[in-house]
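>
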Amino acid sequence: MSGKRVDHFEVFGLPRRLGLDAAELQRKFYELSRRVHPDFHQGAPPERQAEILDASARLNAAYRALRDPLARIEYLVRLEEGRDTREGATVKPKAPPELLEEMFEIQEALQEAKSGGLEADAKETLSAQRNRLRERYDQEESRLRGPLSQAWDAAGPDERAAALTAFKESLAVRAYLRTVIDDIDEALGGSQEGYVSHRRH
Amino acid sequence: MSRIVGIDLGTTNSLVAYVDDKTGLPRVIPDREGQPLLPSIVSFARDGVLVGAAAKRQLVRRPESTIYSVKRLMGRGFEDVKDELCYLPFKVLPCEGIVKIQVEGREVTPPEVSAIVLKSLKERAEAHFGEPIEKAVVTVPAYFNDSQRQATKDAGRIAGLDVVRIVNEPTAASLAYGLQRIKEGLIAVYDLGGGTFDISILRVKDGIFEVLATNGNTHLGGDDFDRAIVLALLDDIREKHGVYIGRDQEAMQELRLAAEAAKVRLSADDRTALTIPFDGFTYHREITRAELEGLIGRLVDSTLGPCRMALADAGLAPADIDEVVLVGGSTRVPLVRRRVQELFGKTPHSQLNPDEVVALGAAVQAQILAGGITDMLLLDVTPLSLGIETLGGIVSVLIPRNTTIPTSAREMFTTSVDGQHVVDMHVVQGERELAKDCRSLARFELSGIDPMPAGMPKIEVVFLIDANGILNVTATELRSQKAAAIEVKPTYGLSEADVERMVEDSFTYAEADVEARLLIETRNEADTVITHVERALAQGRRLIGDEEHAAILAALTALKDARGSTDRDRIREATTAMNHATEHLAELMMDAALKGALASRRADEIMEK
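As they're listed, the protein sequences go chains V and A.
Here the first sequence stands for residues 1 to 201, where the numbers follow my numbering.
Here the second sequence stands for residues 1001 to 1609, where the numbers follow my numbering.
1. Should the segment 1002–1010 of chain A be regarded as contacting the segment 122–131 of chain V, the criterion being three or more beta carbon pairs within less than 8 Å?
2. Give the C-beta separation of arginine 1611 (chain A) and arginine 1523 (chain A) to the nearest angstrom, bearing in mind that I take them to be a contact with Cβ-Cβ under 8 Å.
3. Name, going along the chain, the residues of the segment 41–56 of chain V whose beta-carbon falls closer than 8 Å to a beta-carbon of chain A.
4. What whole-angstrom Cβ distance do proline 1354 (chain A) and arginine 1332 (chain A) have, given they're in contact under 8 Å?
5. Taking its Cβ as the centre, do 16 or more other Cβ atoms sit within 10 Å of glycine 1034 (chain A), making it buried, or is it exposed?
6. What is the DSSP secondary structure of cysteine 1438 (chain A), counted as helix, strand or coil?
7. Note down, in chain order, every chain A residue with its Cβ under 7 Å from the Cβ of arginine 64 (chain V).
8. For glutamate 87 (chain V), count the other beta carbons within 10 Å of its own beta carbon; 16 or more makes it buried, fewer makes it exposed. Which is it?
9. Taking 7 Å as the CB-CB cut-off, is alanine 61 (chain V) touching chain A?
10. If we count the other Cβ atoms within 10 Å of its Cβ and call it buried at 16 or more, is threonine 1382 (chain A) buried or exposed?
11. Out of A:Ala1125, A:Asp1569, A:Glu1515, A:Ala1442, state which residue places its alpha-carbon closest to the alpha-carbon of threonine 1491 (chain A).
12. Starting from glutamine 1102 (chain A) and walking both ways along the alpha helix (DSSP H), at which residues does that stretch end?
13. Roughly how many angstroms lie between the CA atoms of alanine 89 (chain V) and arginine 64 (chain V), to the nearest whole one?
14. How about alanine 1427 (chain A) and valine 1395 (chain A): are their beta carbons less than 7 Å apart?
15. Could you check whether the Cβ of threonine 1407 (chain A) sits closer than 7 Å to any Cβ belonging to chain V?
16. Just checking: is the beta-carbon of isoleucine 1229 (chain A) within a distance shorter than 7 Å of some beta-carbon in chain V?
17. Checking the sheet assignment: what are the DSSP bridge partners for isoleucine 106 (chain V)?
18. For my contact list, glutamate 1431 (chain A) and lysine 1458 (chain A) are in at a C-beta cut-off of 8 Å; report their separation, rounded to the angstrom.
19. Would you report the Cα separation of leucine 66 (chain V) and histidine 1421 (chain A), rounded to the nearest angstrom?
20. Under 7 Å Cβ-Cβ, which residues of chain A neighbour arginine 34 (chain V)?
21. Looking only at its own chain, which residues have a Cβ that is under 6 Å from the Cβ of arginine 1339 (chain A), when we skip the five neighbours before and after it?
22. How many angstroms separate the CA atom of glutamate 1583 (chain A) from the CA atom of arginine 1572 (chain A)?
23. What does the alpha-carbon distance come out to for the pair alanine 55 (chain V) and glutamine 1150 (chain A)?
24. List the endpoints of the continuous beta strand (DSSP E) containing isoleucine 1166 (chain A).
25. If distances are taken between C-alpha atoms only, which option among A:Ile1449, A:Leu1594, A:Ser1065, A:Leu1121 comes closest to glutamate 1107 (chain A)?
26. Grouping DSSP H, G and I as helix and E and B as strand, with all else coil, what is glutamate 1504 (chain A)?
27. Going by alpha carbons, who is nearest to glycine 1387 (chain A) out of A:Val1423, A:Val1462, A:Leu1352, A:Leu1266?
28. Assuming the contact rule is C-beta atoms closer than 8 Å, alanine 172 (chain V) and lysine 92 (chain V) should be a hit. Round their C-beta distance to whole Å, please.
29. If you scan the segment 1232–1280 of chain A from start to end, which runs of the alpha helix (DSSP H) of 4 or more residues do you find wholly inside it?
30. With 7 Å as the threshold, decide whether the Cβ of histidine 8 (chain V) is near any Cβ in chain A.
31. Mind checking if proline 97 (chain V) is an interface residue toward chain A, Cβ cutoff 7 Å exclusive?
32. Could you give the first and the last residue of the continuous beta strand (DSSP E) run that contains proline 1026 (chain A)?
33. With a threshold of 7 Å between beta carbons, is alanine 1467 (chain A) in contact with chain V?
34. At a CB-CB cut-off below 7 Å, which residues of chain A make contact with proline 38 (chain V)?
35. Restricting to runs no shorter than 3 residues, where is the beta strand (DSSP E) found entirely within the segment 1093–1157 of chain A?
36. Output needed in chain order: residues of the segment 1138–1167 of chain A with a Cβ under 9 Å from some Cβ in chain V.
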């Protein structure tokens, strides 16, 4: 059962590359679904049904991991590090070095919010800081999806370790920003619409 | 492959449907009287069980033994439902994680009550096809959790049905629309039924129905609209007549049914009148659609949050949606339509009967499973994230919400103490960070681990959510490749042994046969008339002369005598005679009530000026 398990890229017959045609992936997903979905194998013997169920579950997990460019990167990092057992990414959040000072301020304001409530102008400051962090967050995602992904796809065998490290650092910053933005949302009472989607797993 | 039917097991009504071999289109099977809907109501009596319309007629007369909206109790614990128990006339008790209902000196579980409804539909299908029906696709709200799905499957088993698939109601509806109307695009299915609300976002392409995201509330529906009206009427009655009838179960059922009927009329009319004869007075008032909307506005608005969340999870904006489909009887309410239209900016579809479309879709899915349709495929999702409790009570998510099912996740476990041979895990479902805020599904105990130093055993646990949205767990000790024994303790639900026993017991709750049922109904109708006449005499004696009074008393005695016999015709004749004898009195009382209502309105008008 364990050991030689096909990875999510292999399920689709793809190499471990991040540049992927989303429409083509969806077409393949539908095609493979027609082949392995349990609905079409109700009359099969129980053993075959168990195999089909397993194949279908793997296909769905693979599609989920690959269809979103960022989830794809997170999966690639886990795969390269031999940690393919967990769905949830476990990257240790890390503050972006250039923002350390500002983060200190924000944490202080958040502490204050917790112990008593914020003055109107403090709220305004925090809200402006949140907007900057969101911008920074979106930048980090664009970097992951764009140049960093391209760097991985172009990397030769000895450049891969460096590309992987770059991903991990960027993911750590992104995770950190996410946590702080969520904390500010909470302190200011409710997140703004449209940003809920970032909470997507 | 044997025939598979599609069943919509609803909060208010249930239906059974199949795909017609000749036309290839799904059809609902009506009952003998041509009624497609079977009210999801079960009335327990000493001499049998009534189901559907027959049970509905018992709501007012025997409120404590007549179970309705049991779907709201399926797979739930006492804590989940205790706040709404004050609205239910029957007695609900906590019982080892689940709830039980006390009726006629017995205790029944929600799956057993649902099983009686399913059995009635099974028999309806068998009468239609002239052959035994053993397999069914049964629908559930998309936002149902694992326990609620399992409870539905258990209900099927108790009814003697192999539930070959649990399908989500909004997705089933999309299949029915897909077969007949919608071939491609992004679809939002807004499903507001009697007790539950779902929103599902789908992509339809090349015969594939891929659910992108789903959200909802398993405790919001038309029942809650009725409740809001009832609460307002209770206040109004107290003000006008100086009495609080909230503790009188029979009166409350009258009031609930009148509120529901008024709500239905207000979907077509701008205003409607309610006239309810109570013990000692007749309550009369008008209610406008605007007033209704004032009462239910907050409830309707509360469906919009889940819609936005589903859209966000699908990575879409409202404007991206090509078609909006309305499902469920409560989408007939104009305010609901207006809010949905405002949110998505387009006129929603409702060409297929919103009461029937889920059953029709279930029939389509049944036909797919039977191999009769091969070009359509439904790819559904799990509505809630699945996780395990880790140190500090934090949830570690293994399968995020909106993952296409079937799906699986693997997790490694080990021991923390030397020689430990048992490992516990607590599986939860929900979106909160702390396990205590999520829905506890089950505690699993992995046992038979060979004694080893702490951290040495490597136990791989596979969590698989099948196409029904139900969790299956298997475990293997990797060093020995031995399957680890797992003991499952479901937090909310019946044990295997419970279900076995209920399957055996189910004949106890068999629906009374036709003759017996008709007798019960005729007797009950006589009882209702007797109660009404006694009430009317107490209230309206002064309106009639002595001769008329004597004639009514004679008819009453004759009816009471007849009621004791088993001669149905005799009871019915005596009932008719009774009705005839009181016709004049009823007219006089109605006039008096209307005059009273007009007088009080005039008084209101004068007061306002």
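C-beta atoms are modelled at their ideal positions from N, C-alpha and C, and glycine is treated no differently.
Here's the rundown:
1. no
2. One cannot answer for residue 1611 (chain A) here, as it falls past the ends of chain A, which runs 1001 to 1609.
3. Gln42, Gly43, Leu53, Asp54, Ser56
4. To locate residue 1354 (chain A), count along the second sequence from 1; it is residue 354. To locate residue 1332 (chain A), count along the second sequence from 1; it is residue 332. The Cβ separation is near 7 Å, so the contact holds.
5. Numbered from its first residue, the second sequence carries residue 1034 (chain A) at position 34. The residue in question, glycine 1034 (chain A), is exposed, as its Cβ has fewer than 16 Cβ neighbours within 10 Å.
6. If you number the second sequence from 1, residue 1438 (chain A) lands on position 438. The answer is coil: DSSP assigns cysteine 1438 (chain A) none of H, G, I, E or B.
7. Taking the first sequence and counting its residues from 1, one reaches residue 64 (chain V) at position 64. Thr1403, Thr1404, listed in chain order.
8. As a position in the first sequence, residue 87 (chain V) is number 87, starting the count at 1. Confidence is the limiting factor: at glutamate 87 (chain V) the pLDDT is only 44, short of 50, which leaves the residue's position unreliable and the question unanswerable from this model.
9. Taking the first residue of the first sequence as position 1, residue 61 (chain V) is located at position 61. Closer than 7 Å to some Cβ of chain A, the Cβ of alanine 61 (chain V) qualifies, so yes.
10. For this step, residue 1382 (chain A) is matched to residue 382 along the second sequence. Counting other Cβ atoms within 10 Å of its Cβ, threonine 1382 (chain A) reaches 16 or more and is therefore classed as buried.
11. One-based indexing of the second sequence puts residue 1491 (chain A) at position 491. Nearest of A:Ala1125, A:Asp1569, A:Glu1515, A:Ala1442 to threonine 1491 (chain A), Cα basis: A:Ala1442.
12. As a first step, residue 1102 (chain A) must be located in the second sequence, where it is residue number 102. Here glutamine 1102 (chain A) belongs to no alpha helix (DSSP H); instead the beta strand (DSSP E) covers 1098–1103.
13. Counted from its first residue, the first sequence places residue 89 (chain V) at position 89. Counted from its first residue, the first sequence places residue 64 (chain V) at position 64. In this predicted model, alanine 89 (chain V) has a pLDDT of only 47, less than 50, meaning its place in the structure is not dependable; the value taken from the coordinates is given anyway. Roughly 14 Å separates the two Cα atoms.
14. As a position in the second sequence, residue 1427 (chain A) is number 427, starting the count at 1. As a position in the second sequence, residue 1395 (chain A) is number 395, starting the count at 1. The amino acid occupying residue 1427 (chain A) in the given sequence is valine; alanine does not appear at that position. Their beta carbons are not under 7 Å apart, which means valine 1427 (chain A) does not touch valine 1395 (chain A) by this criterion.
15. Within the second sequence, numbered from 1, the residue matching residue 1407 (chain A) stands at position 407. For threonine 1407 (chain A), the answer is yes, since a Cβ of chain V falls inside 7 Å of its Cβ.
16. Position 229 of the second sequence holds residue 1229 (chain A). No, isoleucine 1229 (chain A) does not count as interfacial toward chain V.
17. Residue mapping note: residue 106 (chain V) aligns to position 106 of the first sequence, counting from 1. According to DSSP, residue pairing for isoleucine 106 (chain V) in a beta bridge does not occur.
18. Locating residue 1431 (chain A) in the second sequence gives position 431, counting from the first residue. Locating residue 1458 (chain A) in the second sequence gives position 458, counting from the first residue. At roughly 30 Å, the Cβ-Cβ gap does not stay under 8 Å, so glutamate 1431 (chain A) and lysine 1458 (chain A) are not in contact.
19. Counted from its first residue, the first sequence places residue 66 (chain V) at position 66. Counted from its first residue, the second sequence places residue 1421 (chain A) at position 421. Computed Cα separation, rounded: 38 Å.
20. In the first sequence, the residue the question calls residue 34 (chain V) occupies position 34. Correct list: Leu1377.
21. Locating residue 1339 (chain A) in the second sequence gives position 339, counting from the first residue. Closer than 6 Å at Cβ, skipping near neighbours: Val1300.
22. Within the second sequence, numbered from 1, the residue matching residue 1583 (chain A) stands at position 583. Within the second sequence, numbered from 1, the residue matching residue 1572 (chain A) stands at position 572. So the two alpha carbons sit approximately 16 Å from each other.
23. Position 55 of the first sequence, counted from the start, is the residue given in the question as residue 55 (chain V). Position 150 of the second sequence, counted from the start, is the residue given in the question as residue 1150 (chain A). Rounded to the nearest angstrom, the two C-alpha atoms are 24 Å apart.
24. For the purposes of this step, residue 1166 (chain A) is taken as the residue at position 166 of the second sequence. Counting along the chain, the beta strand (DSSP E) containing isoleucine 1166 (chain A) begins and ends at 1162–1168.
25. Locating residue 1107 (chain A) in the second sequence gives position 107, where the first residue counts as 1. Here the closest residue by C-alpha is A:Ser1065.
26. Residue numbering aside, residue 1504 (chain A) sits at position 504 when the second sequence is read from its first letter. Helix, per DSSP.
27. Here residue 1387 (chain A) corresponds to residue number 387 of the second sequence, with the count starting at 1. Measuring from the Cα of glycine 1387 (chain A), the nearest candidate turns out to be A:Val1462.
28. Counting from 1 along the first sequence, the entry for residue 172 (chain V) is found at position 172. Counting from 1 along the first sequence, the entry for residue 92 (chain V) is found at position 92. Contact flag correct, Cβ pair sits at about 6 Å.
29. Whole alpha helix (DSSP H) segments, 4+ residues: 1249–1265.
30. Here residue 8 (chain V) refers to the residue found at position 8 when the first sequence is read from its first residue. For histidine 8 (chain V), the answer is no, since every Cβ of chain A falls outside 7 Å of its Cβ.
31. For the purposes of this step, residue 97 (chain V) is identified with residue 97 of the first sequence, where counting begins at 1. Proline 97 (chain V) does not count as touching chain A.
32. In the second sequence, counting from the first residue as 1, residue 1026 (chain A) sits at position 26. Segment 1026–1028, the beta strand (DSSP E) holding proline 1026 (chain A).
33. Translated into positions along the second sequence, residue 1467 (chain A) becomes position 467. It does: the Cβ of alanine 1467 (chain A) has a partner Cβ on chain V nearer than 7 Å.
34. Here residue 38 (chain V) corresponds to residue number 38 of the first sequence, with the count starting at 1. Chain A residues near proline 38 (chain V): Pro1406, Ala1467.
35. 1098–1103, 1106–1108, 1135–1140
36. Val1164, Arg1165
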